[in-house]
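If you're matching positions, the sequence shown starts at 0 in numbering that gives the first Met the number 0 and goes up one per residue.
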Amino acid sequence: MRVLIHIDQAATWRDALAEHLPDAEILTSEAPANQRRDIDYLAAWKPPEALLREQTDLKGIINLGAGVDALLNNPGLPDDVPIVKLRDAGMAELIGDYVRYGVLHFQRDFDRYRRQQARHEWREHTVDDKRDWPVGVLGLGAIGAKVASMVAADGFPVHGWSRSPKQLDGITCHHGDDGLPELLGQVRTLVLLLPGTPHTRHIINAEALASLPEGASLINPGRGTLVDEAALLEALGEGESEGRLRGALLDAFPAEPLSEESPFWSHPRVWVTPHMAGPTPLKDAVGQVAELIEAFEAGETLETVDPGAGY
Ligand code: GLV
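Okay, here's the thing in structure tokens:
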């Protein structure tokens, strides 16, 4: 069996995967083209189009991340090869930590204190009780469900939303078109963890932002396409004084890297991070990749990506 890996630091991945699959021949995409033949499985994060096109006999593709939008939008993707993606694999906890940091950032007024510090202003704000700070999580897949439970464990009331009904312990679950405004109307921090699909594009538009309570905040460690950026800037308003939207912590953008000209960089109530909320942790992920390949080889029925749904 031959496995081809394409990701940053692919050699480290190759060596780690070799420990789990001692009988496999594992190559990285840096191997010479004449060796990258007869590959059975491609394990890749954002592979170039040409790399996908040169593989004609793949039995399966393993997406080395949670979101499959980049892969599904790749014109070189063959349409008859099953795709599986990593599920959680350590990413959920990393994203959960990012979100917990973001929720506390707003709830404990770190945003305001940073601006006050710049003015050398010593002024304490009354702390809003966590129990009066509902947090909304859009997307209750492997990552969203874990993040929701981590925030709930911190003592915040958590509302979750998914397209179809879900039940999660300790989370008030909403679903479908009617459930979304129901959730938006009551959360003080909104967290976006939906997949980037044609259905979720601009789900956070002017109308959705207007449904949030005055002074709400936004955390987006998911996908940039979920947000209508012009509507977000409008809802934030300009300058330091808080608009309808108090602030935003943004890790994902429709085009990455974020352009140097983007107004988000210099907005005083926006925090930009470079898509770092949930890197794929090699240790957790590599075992899952090996299991997926073994399951493919054993002919087991795998939970594959549905290209029509986009996840
Ligand atoms: C990262 O954005 C991922 O989808 O894994």
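For each residue, glycine too, the CB sits at the ideal point set by N, CA and C. Since this is a predicted model, take the numbers as computed values, not measurements.
Around ligand 1, what residues have a beta-carbon under 5 Å from a heavy atom of it, in chain order? G64, A65 and G66
Any idea what DSSP makes of L281, helix, strand or coil? Within the sequence shown, residue 281 is the residue found at index 282, counting from 1. L281 falls in the helix class under three-state DSSP.
Inter-residue CB distance, L316 and V136 (contact presumed, cutoff 8 Å): Lying outside 0 to 310, the shown extent of the chain, residue 316 is not represented and no answer is given.
Can you tell me whether H173 is buried or exposed, with buried defined as 16 or more other CB within 10 angstroms of its CB? Here residue 173 is taken as the residue at index 174 of the sequence shown, counted from 1. When all chains shown are included, H173 counts as buried.
Cut-off 7 Å between Cβ atoms - residues of its own chain near I25, not counting five sequence neighbours on either side: Locating residue 25 in the sequence shown gives position 26, counting from the first residue. Correct list, in chain order: V2, I4, R13, L16 and A17.
Identify the continuous alpha helix (DSSP H) that holds K145 and give its terminal residues. Here the question's residue 145 lines up with position 146 in the sequence shown. Unbroken alpha helix (DSSP H) run through K145: A141 to A152.
N72, DSSP secondary structure in three states: Within the sequence shown, residue 72 is the residue found at index 73, counting from 1. Reduced to three states, the DSSP call for N72 is coil.
Compute the beta-carbon to beta-carbon distance between N219 and L249, rounded to the nearest angstrom, for a pair I have assumed lies under 8 Å. Numbered from 1 along the sequence shown, position 220 holds the residue referred to as residue 219. Numbered from 1 along the sequence shown, position 250 holds the residue referred to as residue 249. With a Cβ gap of about 5 Å, N219 and L249 count as contacting.
Go to L189, then tell me how far its beta strand (DSSP E) extends in each direction, as first and last residue. Within the sequence shown, residue 189 is the residue found at index 190, counting from 1. Counting along the chain, the beta strand (DSSP E) containing L189 begins and ends at T188 to L191.
Beta-carbon gap between P253 and G223 smaller than 8 Å: For the purposes of this step, residue 253 is taken as the residue at position 254 of the sequence shown. For the purposes of this step, residue 223 is taken as the residue at position 224 of the sequence shown. In this structure, G223 lies closer than 8 Å to P253 by Cβ.
Any beta-carbon of chain D closer than 8 Å to the one on P306? Absent from the structure: chain D. Only one protein chain is present.
Do you know offhand how far I202's Cα is from F109's? Here residue 202 corresponds to residue number 203 of the sequence shown, with the count starting at 1. Here residue 109 corresponds to residue number 110 of the sequence shown, with the count starting at 1. Their backbone Cα atoms lie some 28 Å apart in a straight line.
Contact between the stretch 56-67 and the stretch 35-43 (3+ Cβ pairs under 8 Å): yes
May I ask you to report which of helix, strand or coil DSSP gives W12? Counting from 1 along the sequence shown, the entry for residue 12 is found at position 13. Helix.
Is the beta carbon of G75 closer than 8 Å to that of L57? For the purposes of this step, residue 57 is taken as the residue at position 58 of the sequence shown. For the purposes of this step, residue 75 is taken as the residue at position 76 of the sequence shown. The answer is no: Cβ separation not under 8 Å.
Per DSSP, what kind of secondary structure is R1 in: helix, strand or coil? For the purposes of this step, residue 1 is taken as residue 2 along the sequence shown, with counting starting at 1. Strand.
For E237: DSSP bridge partner residues: Counting from 1 along the sequence shown, the entry for residue 237 is found at position 238. Answer is none; E237 lacks a bridge partner.
Considering L103, what are the terminal residues of the alpha helix (DSSP H) in which it resides? Start at 1 with the first residue of the sequence shown, and residue 103 comes out as number 104. M90 to Q106 is the span of the alpha helix (DSSP H), which, as asked, contains L103.
Exposed or buried, Q287, counting other C-beta atoms within 10 Å across all chains shown (16 or more means buried)? For the purposes of this step, residue 287 is identified with residue 288 of the sequence shown, where counting begins at 1. Burial call: buried.
Cβ-based burial, M149 [other Cβ within 10 Å; buried from 16]: Numbered from its first residue, the sequence shown carries residue 149 at position 150. With 16 or more Cβ atoms within 10 Å of its Cβ, M149 is classed as buried.
Taking 8 Å as the threshold (C-beta atoms), are L208 and A229 in contact? Residue numbering aside, residue 229 sits at position 230 when the sequence shown is read from its first letter. Residue numbering aside, residue 208 sits at position 209 when the sequence shown is read from its first letter. No, they are not a contact pair.
Which stretch, first to last residue, makes up the alpha helix (DSSP H) that contains G178? Numbered from 1 along the sequence shown, position 179 holds the residue referred to as residue 178. Its alpha helix (DSSP H) spans residues G175 to L183.
Run through the stretch 17-66 for me and flag every whole beta strand (DSSP E) of 3 or more residues, listed as ranges in chain order. For the beta strand (DSSP E) assignment, the uninterrupted runs of no fewer than 3 residues enclosed by the stretch 17-66 are, from N- to C-terminal side, 24-27, 40-43 and 59-62.
In angstroms, rounded to a whole number, what distance separates the CA positions of A151 and L139? Walking along the sequence shown from the start, residue 151 turns up at place 152. Walking along the sequence shown from the start, residue 139 turns up at place 140. Using only the alpha carbons, I get a separation of about 14 Å.
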